[in-house]
Amino acid sequence: GAEPFQTVAEAVHESIQEFNVKRAELNEGGDDGLEGLSEGLAAAMNALPLMTEKKRSIDMHTNIATALLNEIKAREIDRHYEVEADFAAQTQAAALKELENLMDHPKGTVMDKARAL
6 GAEPFQTVAE AVHESIQEFN VKRAELNEGG DDGLEGLSEG LAAAMNALPL
56 MTEKKRSIDM HTNIATALLN EIKAREIDRH YEVEADFAAQ TQAAALKELE
106 NLMDHPKGTV MDKARAL
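Sequential numbering of the sequence shown, starting at 6, is according to this note's numbering.
Structure (structure tokens):
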């Protein structure tokens with residue numbers, strides 16, 4: 006499978022979850038009256054620059070991951086990766102046949118196909 010991309014997707018998802026938890030904590034506010042409200046507001050104001058930067062970073066990484074996924078799908082790079090990974094477990098004849106099929110496949114660039122060699 007495409008484990009390297011899966012690792013990236015999981016890391017982006019974890020960052021989004023952490024951001025959402027932190028944002029929820031800041032939004033909760035206290036029920037301790039005016040004093041609790043002012044402490045919560047002060048904490049939120051102090052965290053705002055860090056949270057803004059974290060959100061910008063998450064958005065950037067999400068956009069990059071989405072663009073990579075679209076390119077992987079369009080060129081069927083995951084198929085090339087699987088074929089390449091399977092070569093070691095195949096007989097030479099089977100590997101050559103799979104390589105021929107890969108070279109004849111319309112998806113993928115010349116460089117994508119050359120990596121399998």
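For every residue, glycine included, the Cβ atom is placed at its ideal position computed from N, Cα and C.
Residue i versus residue j - alpha carbon distance
{"i": "Glu33", "j": "Thr71", "result": "31 Å"}
{"i": "Ala90", "j": "Gly113", "result": "17 Å"}
{"i": "Gly45", "j": "Glu19", "result": "25 Å"}
{"i": "Val17", "j": "Lys78", "result": "19 Å"}
{"i": "Ala94", "j": "Lys102", "result": "14 Å"}
{"i": "Asp109", "j": "Thr67", "result": "33 Å"}
{"i": "Ala49", "j": "Arg61", "result": "17 Å"}
{"i": "Asp117", "j": "Glu15", "result": "25 Å"}
{"i": "Glu76", "j": "Thr12", "result": "17 Å"}
{"i": "Leu74", "j": "Met65", "result": "14 Å"}
{"i": "Val115", "j": "Glu87", "result": "17 Å"}
Buried or exposed (CB count within 10 angstroms, at least 16 for buried), residue i
{"i": "Leu107", "result": "buried"}
{"i": "His85", "result": "buried"}
CB contact flag (residue i, residue j, <8 Å)
{"i": "Ile1", "j": "Ile63", "result": "Residue numbering for the chain in the displayed model covers 6 to 122; residue 1 lies beyond these limits and cannot be assessed."}
{"i": "Phe92", "j": "Ala100", "result": "yes"}
{"i": "Ala119", "j": "Leu104", "result": "no"}
Minimum C-alpha distance to residue i - residue among the options
{"i": "Phe10", "options": "Ile69, Ala47 and Ala119", "result": "Ile69"}
{"i": "Pro111", "options": "Val88, Thr96 and Arg80", "result": "Arg80"}
key: the region 44-63 touching the region 21-28, judged by at least three CB pairs closer than 8 Å   = With a cut-off of 8 Å, the region 21-28 and the region 44-63 count as touching, because enough Cβ pairs lie within range.
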